[in-house]
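2 protein chains.
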Amino acid sequence: MRTKTLAQSEKILTAAARLFAAHHFHETRMEDIAELAEVGKGTLYRYFKDKEELYMALLARAACQMKERLSAVDEAPDPRSKLEAVVGAILDYFAEHPHLLDLIQHAEVMQGPDADLPWQRLRRENFRLVEAIFEEARRSGAFQVMDPQLSAQLLLFSLRPVIRWGQKPRPADMARRIVEHFLYGAARPACGCR
Amino acid sequence: MRTKTLAQSEKILTAAARLFAAHHFHETRMEDIAELAEVGKGTLYRYFKDKEELYMALLARAACQMKERLSAVDEAPDPRSKLEAVVGAILDYFAEHPHLLDLIQHAEVMQGPDADLPWQRLRRENFRLVEAIFEEARRSGAFQVMDPQLSAQLLLFSLRPVIRWGQKPRPADMARRIVEHFLYGAARPACGCR
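Residue numbers (the numbering used here), protein chains in the order written: chain S, 11 to 204; chain E, 11 to 204.
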């Protein structure tokens, strides 16, 4: 019996990512993926039993890579820089993987919002990461977030339109502007204290 | 030749909305829609040449109804109440049409982000509506939005996670909290001026 290798699996996933990005899920055939990955159909099916499983493996890989990027957030010196690092890491990763948001939205629509997709586990971890930064800010006196749960959702999800419709290439200070907006709002009040 | 009537078209759209909501687009057959709407298949095809056209008509109808709701925004007494009215109207409409966001996301994924869908025309109008409220706020001295274009995007798109993952039934003060968050940010600065 032939064993599975990581390199082979990577080759298949890379080919699948390219095809899912260029065509719709329903238009992409397992044959096309095998051909682009230069593996036999038998080999392909040994690795992934169907297109759905391949699709989920793609999202799992993206979630894993994204998580690795986010582990660098701890190195930022203060809570506000940490929030900027979170936002920057997410925007960077999506910029490098321009069709990832489509894959995620497609999976959400297909599986329903409550499905336990790999990407949704990462999302929950990201909520906790952001809430932990809020807590650090509160303890250190940097700032206090009044409604941490809603705020974490609003911050992380506000990135979707920036990813999908935002100016490309993204202005260098985008993460800073988004966090500024998030922390202190769109409006400048009359008291002029900032 | 038999003419088309609005009532007949409504009957078909209502049936289609129910089926698209309960099943995936690809699982829903024109036959099922005709059966639920109690019209013949021939009649159905006279109204809508295929499933795609029906789908687009559904989104167009939703966009039109949503636009009607938003016309009430002008009655609110000041810019901040107007923003709350916009947010409230959108959250209400989606709460009454629980599968609409799925239909929209599905259309976005299928058609690509730059397609000229009915819903995307409404989105552009909503951006302009919100930017006009910002401008009114600036003129009246209520508040000044520093980055109106980005801010309008962040406000309108931040509603998606609330629609999709938010607490149901929605707390009565949700629109107020979202606008408060939007205008003055998540953080309370140390100066205590608010």
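For every residue, glycine included, the Cβ atom is placed at its ideal position computed from N, Cα and C.
Interface with chain S (8 Å Cβ-Cβ cutoff): Glu118 of chain E is included. Looking from the CA of Leu23 of chain E, the closest CA among E:Leu46, E:Leu132, E:Thr13 belongs to E:Leu46. In this chain, the alpha helix (DSSP H) harbouring His191 of chain S covers 184-194. Using a 10 angstroms sphere on the CB of Gln163 of chain S, the tally of other CB atoms reaches 16 or more, which defines it as buried. For Ala73 of chain S against Arg131 of chain S, the beta-carbon gap comes to about 7 Å, under 8 Å, which counts as contact. Distance from the CA of Arg79 of chain S to the CA of Ala99 of chain S, rounded to the nearest whole angstrom, comes to 6 Å. Ranked by Cα distance from Arg174 of chain E, the options E:Leu193, E:Asp84, E:Asp112 are led by E:Asp112. For Val155 of chain S, the chain E residues whose Cβ falls inside 7 Å of its Cβ are Ala196, Ala197, in order along the chain. Proximity of chain S to Leu193 of chain E at the Cβ level (cut-off 7 Å) is accounted for by Gly195, Ala196, Ala197, in chain order. The beta carbon of Ala105 of chain S sits closer than 7 Å to those of Arg180, all from its chain and outside the five residues before and after it, given in chain order.
Listed in chain order, the non-local C-beta contacts of His116 of chain E below 7 Å within the same chain comprise Phe35, local neighbours out to five positions each way being set aside.
Gln177 of chain S sits in coil when the DSSP states are folded into three classes, being neither helix nor strand.
Of the residues assessed, Pro87 of chain S falls on the exposed side of the cut-off, its CB having fewer than 16 other CB atoms within 10 angstroms.
Under the 8 Å Cβ criterion, the region 12-22 of chain E does not count as touching the region 135-146 of chain S, having fewer than three qualifying pairs. The C-beta separation of Val83 of chain S from Ala67 of chain S comes to about 26 Å, leaving the pair out of contact by the 8 Å criterion. Secondary structure note for Asp88 of chain S: it is in no alpha helix (DSSP H), with a DSSP letter that is neither H nor E.
Going by DSSP, Lys51 of chain S is part of the alpha helix (DSSP H) stretching over 51-57.
S:Glu20 is the residue among S:Lys51, S:Glu20, S:Val172, S:Val155 whose C-alpha sits nearest the C-alpha of Arg71 of chain S. Boundaries cannot be given for Asp157 of chain E, as no alpha helix (DSSP H) includes it and DSSP labels it neither H nor E. With at least 16 other beta carbons inside 10 angstroms of its own, Arg90 of chain S counts as buried. Boundaries for Lys14 of chain S: no alpha helix (DSSP H) harbours it, and the DSSP string shows neither H nor E there. The beta carbon of Pro179 of chain S sits no closer than 8 Å to any beta carbon of chain E. Residue range 128-150 is occupied by the alpha helix (DSSP H) that includes Phe137 of chain S. Boundaries cannot be given for Glu37 of chain E, as no alpha helix (DSSP H) includes it and DSSP labels it neither H nor E.
Burial check for Ser81 of chain E: the Cβ neighbour count within 10 Å stays below 16, so the residue is exposed. Per DSSP, the beta-bridge partners of Ala197 of chain S are E:Val155. If you check each beta-carbon in the region 35-56 of chain E against every beta-carbon of chain S, the ones closer than 7 Å belong to His36. In this structure, E:Lys51 is the residue among E:Lys51, E:Thr38, E:Glu37 with its C-alpha nearest to the C-alpha of Gln18 of chain E.
The residues Ile22, Met40, Ile43, Ala44, Ala47, in chain order, have a CB closer than 8 Å to that of Leu54 of chain E in the same chain once the five nearest residues on each side in sequence are set aside.
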